[in-house]
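Trainee: At position 61 of the sequence shown the residue is numbered 60 (numbering that gives the first Met the number 0), and the sequence of numbers has no breaks.
Just dropping this structure here.
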Amino acid sequence: MSNIPDELSYTKEHEWVSGLEDAITVTIGITAFAAEALGDVVFVQLPEAGSVVEAGDSIGEVESTKSVSEIYTPVGGEIVEVNQAIIDDPSLANSDPYGEGWMFRVRVQGDPEDLLTAEEYTALTSGES
C-alpha cells in the first residue's frame with residue numbers, strides 16, 4: 000500500500016486536498032490508491048480555469064488502460080489553476096500523485112464536503128471503515 004501523507008485531507012472518492020489550513024486556495028489531486036487501482040493513466044480531462052464549482056461536483060475524468068473514472072471536487076469555489084503538466088503527461092498521476100501529479104487548484108468558497116484524515120483514509124482503503 001502506498002504512503003498516505005498525514006498533512007493532506009482525503010475524500011471517500013479518493014481525492015486529496017492540501018492547503019485547507021489557509022482556506023483560501025487549495026490543491027487537489029487523486030490519491031496513490033486511486034492511481035494504483037486505475038492502472039496506467041493515459042488521459043486526464045480537467046475543468047478550465049475560471050470555472051465555478053460546488054463541493055461534490057464531477058469536474059473531470061481520469062482514463063487509464065483499465066477504465067475511466069470521474070474526478071470530484073471536495074470543495075466549492077473558482078478553479079484558479081489547472082496542472083498543464085498532468086494533461087501533457089498523464090502518467091504523473093501514477094508516478095507522483097502527491098507532487099507533480101496534482102490536478103487543479105480552487106479558491107475556496109463555502110465549506111468543503113466531509114473530508115477524512117490520513118488515518119481515516121487508511122482505514123477506508125484497508126477495508127476497515
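Glycine residues also receive a C-beta, built at the ideal position from the N, C-alpha and C atoms.
Just so you know, these numbers come straight off a predicted model, no measurement behind them.
Which residue from Phe103, Tyr71, Asn93 and Ser50 puts its Cα closest to that of Val81?
Mentor: Checking every option, the nearest Cα to that of Val81 belongs to Phe103.
Trainee: Could you name the residues of the same chain whose beta carbon sits closer than 6 Å to that of Glu77, not counting the 5 residues immediately before and after it, in chain order?
Mentor: Cβ neighbours of Glu77 beyond the five flanking positions: Val51 and Arg106.
Trainee: Tell me whether Gly28 is buried or exposed, calling it buried when 16 or more other Cβ atoms sit within 10 Å of its Cβ.
Mentor: Its Cβ being crowded by 16 or more others within 10 Å, Gly28 is buried.
Trainee: Does the CB of Thr121 have a neighbour CB from chain B at under 8 Å?
Mentor: Absent from the structure: chain B. Only one protein chain is present.
Trainee: Would you mind giving the Cβ-Cβ distance between Pro73 and Ala92, rounded to the nearest angstrom? I have them listed as a contact below 8 Å.
Mentor: 17 Å between Cβ atoms; not a contact.
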